[in-house]
Ligand SMILES: [Zn+2]
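Residue numbers (the numbering used here): 4 to 59.
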């Protein structure tokens, strides 16, 4: 998914799997918490599940 040649695009590491994701997605109108910090919904849900476990 990530093209190493697109070095001009700023990337941030996914908070779960540390995969680099383009920070430009933050500008998407549909940008939500999970697309800002995670490569996808799966990683976001992993993080969210962990938060729930720590809370209980
Ligand atoms: Zn990820």
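Note that beta-carbon positions come from the ideal geometry of N, C-alpha and C, so glycine has one too.
These numbers were taken from a predicted model, which means no experiment stands behind them.
The closest CA to that of residue 53, considering only 19, 11, 23 and 13, is found on 19. In this structure, the straight-line span from the alpha carbon of residue 24 to that of residue 51 is close to 19 angstroms. Spanning the alpha carbons of residue 41 and residue 58 requires a straight line of approximately 21 angstroms.
Put simply, the residues with a CB less than 6 angstroms from any heavy atom of ligand 1 are 17, 19, 20, 22, 41, 42 and 46, in chain order.
The DSSP-derived three-state label of residue 13 is coil.
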